[in-house]
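Here's the structure, in structure tokens; my notes come after.
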Amino acid sequence: MNQTLTNTPLRDAIYAMALAKPVPDAELLDEFARRYPQYAEALTDFAIELAIDALQHGDDDDLDIPADPEVISSVVSRVMSKFQNRLFEISQKRAAADPPARAATTEGL
Numbered sequence: 118m119n120q121t122l123t124n125t126p127l128r129d130a131i132y133a134m135a136l137a138k139p140v141p142d143a144e145l146l147d148e149f150a151r152r153y154p155q156y157a158e159a160l161t162d163f164a165i166e167l168a169i170d171a172l173q174h175g176d177d178d179d180l181d182i183p184a185d186p187e188v189i190s191s192v193v194s195r196v197m198s199k200f201q202n203r204l205f206e207i208s209q210k211r212a213a214a215d216p217p218a219r220a221a222t223t224e225g226l
């Protein structure tokens with residue numbers, strides 16, 4: 118698939134995604150990230166915000182909320198997975214950017 122940057126403002130891309138589905142799923146997010154690759158991170162953050170907001174304030178019929186509160190819903194699992202993946206990416210970037218400091222602290226042990 119061709120990933121060309123568009124001249125569409127971020128605001129318009131976010132608005133279009135919000136209108137596409139009440140609660141975005143991975144497929145919708147992937148579609149918008151491919152359509153607007155320059156906004157992939159912002160769209161992911163917005164999709165997570167929409168999913169969390171829907172869990173807190175939405176209509177239970179539109180969501181995949183389990184009857185048993187001890188069971189983790191698939192929406193929460195997806196949101197947490199995205200969060201953990203992003204956290205891992207950031208920690209990897211920091212580790213790659215700061216190897217001398219890490220070496221100095223381990224040599225002193």
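Following this note's numbering, the numbering of the sequence shown begins with 118 at its first residue and continues without gaps.
Backbone N, C-alpha and C define an ideal beta-carbon position, used for all residues, glycine too.
Bear in mind that the values here come from a model prediction, so they are computed numbers and not experimental data.
Test item: CB-CB of residue i and residue j under 8 Å
i, j, result
"R195", "A137", "no"
"I165", "F205", "no"
"A135", "L167", "yes"
"Y153", "A130", "yes"
Option in the options with minimal Cα separation from residue i
i, options, result
"Q173", "Y156, V193 and A159", "V193"
"L127", "F163, P139 and P141", "F163"
"P141", "D215, N202, I169 and E158", "I169"
"N202", "A171, A213 and E158", "E158"
"E125", "F149, I207 and A214", "According to the sequence displayed, residue 125 carries Thr and not Glu. Ranking the options by Cα distance to T125, first place goes to F149."
Under the three-state DSSP convention, the category residue i falls into
i, result
"N124", "coil"
"D215", "coil"
"L180", "Only weak support is given to the placement of L180: the predicted model assigns it a pLDDT of 49, under 50, and the value that follows is read from those uncertain coordinates. Coil."
heavy atom of the ligand GTP below 7 Å from residue i C-beta
i, result
"A157", "With respect to the ligand GTP, the structure offers nothing, as it holds no ligand at all."
Residue-chain proximity (residue i, chain D), Cβ-Cβ < 8 Å
i, result
"S194", "Checking the listed chains, one finds no chain D in this structure; it contains a single protein chain."
Which full runs of the alpha helix (DSSP H) of 4+ residues lie inside the region 132-174, going along the chain? Counting only runs of 4 or more, we get 143-152 and 157-174.
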